[in-house]
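Here the structure is laid out as structure tokens; the discussion comes afterwards.
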Amino acid sequence: MPWALMGLFIGFTYSGVLVFIPIELNSMGAGIRGSAFFAIFALMIIISRPLVGKVYARYGSKFIIYPGLGLFGLGLATTPMSIILTAPLLGLGYGAAQPAFQALAIQSAPIERAGVSTATYFLALDISVGAGSIILALLANALGYQYLYIIAALVMVIALSLYHVWIKKYTPLEI
């Protein structure tokens, strides 16, 4: 369950990227750049996956999750070009942290419960993408886009803190 909760955090922040980057770029008169953002974002996820798997297998989750969440929380950009420049960082961070949490969820369950663990993780991730879109929309409407991304970055700080505590409690062999 703790790793499913981490899926909630990463899904919440991912919803901010997924929903609000195109809206923000449109509001800046640079809507066409949204395609470039998501192409770069997706490319970094694809490129990172094989490397992430090897590093995770060799060194453990902490070598993936700390930098992954850190990079994913760096999306504090204010101009169209700076938003595009954050795409590789966000893609690399999400491409590292999301599968690492999935792997932790599976590894923490008994083999006969691996399917339930995977389903629980993805349920939490999916719920948080939907709920995060609603919550962040309310925050963006009340505070503006810049604060939305600051709040999303703070969610990543909370996730890093919880990961730091939970990795010691739930996977003592990783330390």
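The numbering of the sequence shown is the numbering used here, which starts it at 36 and goes up by one.
The beta carbon of each residue, even a glycine, is placed where N, CA and C say it ideally should be.
If you reduce the DSSP assignment to three classes, tell me which class residue i lands in.
i: P115; result: helix
i: I67; result: coil
i: M191; result: helix
i: A172; result: helix
i: G179; result: coil
i: A241; result: Lying before the first or after the last residue shown, residue 241 is absent from the chain, which here runs from 36 to 210.
i: M79; result: helix
i: E209; result: Bear in mind that the predicted position of E209 carries a pLDDT of just 47, short of 50, making it unreliable; the figure below should be weighed with that in mind. DSSP places E209 in helix when its eight states are reduced to three.
With a threshold of 16 other CB atoms inside 10 Å of the CB of residue i, please say whether the residue is buried or exposed.
i: E59; result: buried
i: Q181; result: exposed
i: G64; result: exposed
i: A177; result: exposed
i: L189; result: exposed
i: R68; result: buried
i: I214; result: The structure shown does not extend to residue 214, since the chain is modelled only from 36 to 210, so the question has no answer here.
Taking the continuous alpha helix (DSSP H) assigned at residue i, which residues delimit it?
i: I100; result: 97 to 107
i: E59; result: 37 to 62
Determine, using beta carbons only, whether residue i and residue j come nearer to each other than 8 Å.
i: L86; j: V164; result: no
i: I141; j: A149; result: yes
i: G128; j: S50; result: no
i: L173; j: F55; result: no
Taking 8 Å as the CB-CB cut-off, is residue i touching chain C?
i: G103; result: Among the chains in the structure shown there is no chain C, since it carries only a single protein chain.
Are the segment 183 to 200 and the segment 70 to 84 touching, with three or more C-beta to C-beta distances below 8 Å? no
How about the segment 59 to 78 and the segment 111 to 125: do they share at least three Cβ pairs that are nearer than 8 Å? Taking a contact to require three or more Cβ pairs closer than 8 Å, the segment 59 to 78 and the segment 111 to 125 qualify as touching.
Any chance the segment 156 to 163 sits against the segment 42 to 58, with 3 or more Cβ pairs inside 8 Å? yes
Touch test, the segment 127 to 134 against the segment 89 to 109, Cβ-Cβ under 8 Å, three pairs minimum: Yes, they touch.
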